[in-house]
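J.: Here it is, the structure, as structure tokens.
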Amino acid sequence: INSPFWVMPLLLCKDITVDGVTVWNEGPNGDGCDPEACENVLIQNCIFHTGDDCIAIKSGRNNDGRLWNKPSKNIIIRNCRMEDGHGGVVIGSEISGGCENVYAENCEMDSPHLERRGGLIQNIHMRKVTVGQCKEAVLKINLDYEPREACYRGFEPTVRNVSMEDVTCQKSNYGVLIIGGNKVENVYDIHVKNCKFDGVIKQP
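Listed below in structure tokens is the structure:
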């Protein structure tokens with residue numbers, strides 16, 4: 081309750097289970113659960129009411145992530161309810177070490193605040209998720225996050241093999257929003273199947 085920062089930051093861990101936890105934290109940067117450079121993580125049966133991301137998967141910011149060279153991988157998120165927050169299931173922003181093999185299913189998300197640096201992001205799968213409303217997009221991929229940050233930008237992120245199946249949403253600005261880079265095309269193999277996005281406000 082009301083943590084001053086991330087509630088459950090998991091750093092460089094293996095074989096972690098987070099089961100049946102309720103998080104209530106409306107403060108800034110009040111993420112619910114942040115596995116960072118972790119492997120074999122199960123997050124299930126949890127309730128998140130947060131001032132920032134409900135679940136944010138990370139792997140180090142800029143040089144930290146590249147030096148560790150430990151992607152977050154093999155993460156299952158299931159049977160969770162995201163009551164409030166900026167992002168339901170988020171990969172990043174501190175993701176320089178990469179991320180792979182994430183599976184999210186049977187979750188509920190409903191908040192007018194819900195929104196969805198560069199490593200390799202691959203094998204991300206979401207299915208059977210019910211979204212009441214979200215602020216921007218049900219699926220958002222953004223390769224241009226914090227463009228004014230003072231850091232070395234010689235590492236282009238890549239996002240590939242992402243699937244979304246049997247996902248519904250009642251209200252959002254966009255169904256799918258992809259913001260790529262200016263010089264390279266490195267978002268590919270994005271699959272959206274049997275999804276229904278009602279109440280889409282903005283047109284591309």
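Counting with the numbering used here, you get residues 81 to 284 for the letters of the sequence shown.
Positions of the beta carbon are idealized from the N, C-alpha and C atoms, including for glycine.
Excluding five sequence neighbours on each side, which residues of the same chain lie with their C-beta closer than 6 Å to the C-beta of N109?
T.: For the purposes of this step, residue 109 is taken as the residue at position 29 of the sequence shown. Contacts found: F85, D132.
J.: Give the single residue among T102, G177, K276 whose Cα lies nearest to the Cα of L92.
T.: Here residue 92 refers to the residue found at position 12 of the sequence shown. The shortest C-alpha separation from L92 is found at G177.
J.: Out of I175, I171, G100, I259, which one is the CA nearest neighbour of R146?
T.: Residue mapping note: residue 146 aligns to position 66 of the sequence shown, counting from 1. It is I175.
J.: Report all residues from its chain with a CB closer than 6 Å to the CB of I204; omit the five preceding and five following residues, and keep chain order.
T.: Translated into positions along the sequence shown, residue 204 becomes position 124. Within the same chain, I204 has close Cβ partners V182, V242.
J.: Alpha carbon to alpha carbon, how far is L219 from L90? Give it in angstroms, no decimals.
T.: Counting from one through the sequence shown, the residue named residue 90 turns up at place 10. Counting from one through the sequence shown, the residue named residue 219 turns up at place 139. Roughly 25 Å separates the two Cα atoms.
J.: Which residues in the same chain have their Cβ closer than 8 Å to the Cβ of K94, if we skip the five residues on either side of it in sequence?
T.: The count along the sequence shown starts at 1 and reaches residue 94 at position 14. Closer than 8 Å at the Cβ level, and outside the excluded window around K94, lie C118, E119, N120.
J.: Run through DSSP, which three-state label would I96 get?
T.: For the purposes of this step, residue 96 is taken as the residue at position 16 of the sequence shown. If DSSP states are grouped into helix, strand and coil, I96 belongs with the strands.
J.: Hey, how far is the Cα of R197 from the Cα of V272?
T.: Mapped onto the sequence shown, residue 197 falls at position 117. Mapped onto the sequence shown, residue 272 falls at position 192. Here the model assigns R197 a pLDDT of 47, short of 50, so the residue's position is not dependable, and the following value carries that caveat. One C-alpha to the other measures close to 24 Å.
J.: Taking the Cβ atom as the reference point for each residue, do Q124 and C160 lie within a distance shorter than 8 Å?
T.: Within the sequence shown, numbered from 1, the residue matching residue 124 stands at position 44. Within the sequence shown, numbered from 1, the residue matching residue 160 stands at position 80. A contact, by the Cβ cut-off of 8 Å.
J.: Between which two residues does the beta strand (DSSP E) carrying N120 extend?
T.: Mapped onto the sequence shown, residue 120 falls at position 40. Residues 119 to 124.
J.: Look at the alpha carbon of V256 and the alpha carbon of W148, and state the distance between them as a whole number of angstroms.
T.: What you label residue 256 is simply residue 176 of the sequence shown in a count that begins at 1. What you label residue 148 is simply residue 68 of the sequence shown in a count that begins at 1. Spanning the two alpha carbons is a distance of roughly 32 Å.
J.: May I ask which residues mark the beginning and end of the beta strand (DSSP E) holding W148?
T.: As a working note, residue 148 is residue 68 in the sequence shown. Element bounds for W148: not the beta strand (DSSP E) but the alpha helix (DSSP H), 143 to 148.
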